[in-house]
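Have a look at the structure below, then the notes.
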Amino acid sequence: VAGLAIDPKGIYVDVTFGGGGHSKEILRQLGPQGRLFAFDQDKDALANTLADARFTLIPENFRFIKQFLRFHGIKQVHGILADFGVSSHQFDEGSRGFSTRFEGDLDMRMNQKASVTAAELLNKGSEEDLLRIFNSYTDLPNVFRLVQTILTARQQFPFETTDQLAKLCEPLAQRGKDHKYIAQVFQALRIEVNDEIGALKKLLEDSVELLNTGGGFAVF
24 VAGLAIDPKG
34 IYVDVTFGGG
44 GHSKEILRQL
54 GPQGRLFAFD
64 QDKDALANTL
74 ADARFTLIPE
84 NFRFIKQFLR
94 FHGIKQVHGI
104 LADFGVSSHQ
114 FDEGSRGFST
124 RFEGDLDMRM
134 NQKASVTAAE
144 LLNKGSEEDL
154 LRIFNSYTDL
164 PNVFRLVQTI
174 LTARQQFPFE
184 TTDQLAKLCE
194 PLAQRGKDHK
204 YIAQVFQALR
214 IEVNDEIGAL
224 KKLLEDSVEL
234 LNTGGGFAVF
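Listed below in structure tokens is the structure:
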């Protein structure tokens, strides 16, 4: 938030609302004329909405930032904040499938209305697609072996739970590094399920047009 150098009269966007922590801090620094728009496609985040006349929560993916801001009459903003990755409430809810700590469905959808889950990627994805996913979004040394193991395993049983996937990965990891290995596998599936790279590219392209001259873009 400090990187945005908040203008009390400015218009700002928190594209990853989550639990609302960053939005609360931005609002604390805004004056009565300031405006804050927030985006979050996860319906669970709606429970964290803030009761503030200066605040608007838009329940959509931030890839649509330009369209929805224009709907609200906003063509340019003073700053955009983005905290990429998984929110703490998503990690803590085992049924969402994001965490390696809990057994749950292999879901990993940030937008729970989306059609493709991590389980479907593992059960139906082609060898070529799986190689692309794990080569693009991990630095694992044995991606080919991982994919062959997945292809063989799914002929015997469909992937359904996080525990199934974690146990499949354990023998493939170097001794003592199984947690890091499994975490990378989960991360790669999550990125693909949610098209996170495509959404980020669209956000970066639109931000060029949306930001005022001298505006701030805080990304982490």
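Just so you know, we're using the working numbering here: the sequence shown kicks off at 24 and counts up by one. Glycine included, C-beta positions come from ideal geometry on N, C-alpha and C. For clarity, every value in this text was computed on a predicted model and none was experimentally measured.
What is the DSSP secondary structure of residue 37, counted as helix, strand or coil?
strand
Express the C-alpha separation of residue 59 and residue 196 in angstroms, rounding to a whole number.
45 Å
Tell me whether residue 196 sits in a helix, a strand or coil according to DSSP, three-state version.
DSSP places residue 196 in coil when its eight states are reduced to three.
Since I believe residue 227 is in contact with residue 85 (beta carbons under 8 Å), could you give me their beta-carbon distance rounded to a whole number of angstroms?
The Cβ separation is near 11 Å, so there is no contact.
Compute the Euclidean distance between the alpha carbons of residue 192 and residue 201, then round it to the nearest angstrom.
If I take the Cα positions, the gap works out to 7 Å.
According to DSSP, simplified to helix, strand and coil, what is residue 114?
Note that residue 114 has pLDDT 49, beneath the 50 cutoff, so the model's placement of it is unreliable and the number below is only indicative. Residue 114: helix per DSSP, three-state reduction.
Are the beta-carbon atoms of residue 37 and residue 49 separated by less than 9 Å?
yes
Once you ignore the five residues that flank residue 211 on each side, which residues in its own chain have a CB closer than 6 Å to its CB?
156, 157, 160, 161
With a floor of 3 residues, list each beta strand (DSSP E) that falls wholly inside the segment 64 to 113, ordered by position along the chain.
78 to 81, 100 to 105
Using CA coordinates, which residue listed in 208, 231, 163, 168 is at the minimum distance from residue 150?
168
Report yes if the CB atom of residue 65 is closer than 9 Å to the CB atom of residue 131, and no otherwise.
Taking the C-beta atoms as reference points, residue 131 is found no nearer than 9 Å to residue 65.
Near residue 146, what residues of its chain come up, given a Cβ to Cβ distance below 7 Å and the 5 sequence neighbours on each side ignored?
177, 181, 182
Among all the DSSP beta bridges, which residues are the ones paired with residue 61?
For residue 61, which the question treats as bridged, DSSP gives the partners 37, 80.
Based on Cα-Cα distance, which residue from 238, 240, 242, 144 lies nearest to residue 19?
Since the first and last residues shown for the chain are 24 and 243, residue 19 lies out of range.
Measure the alpha-carbon distance for residue 56 versus residue 90 and round it to whole angstroms.
23 Å
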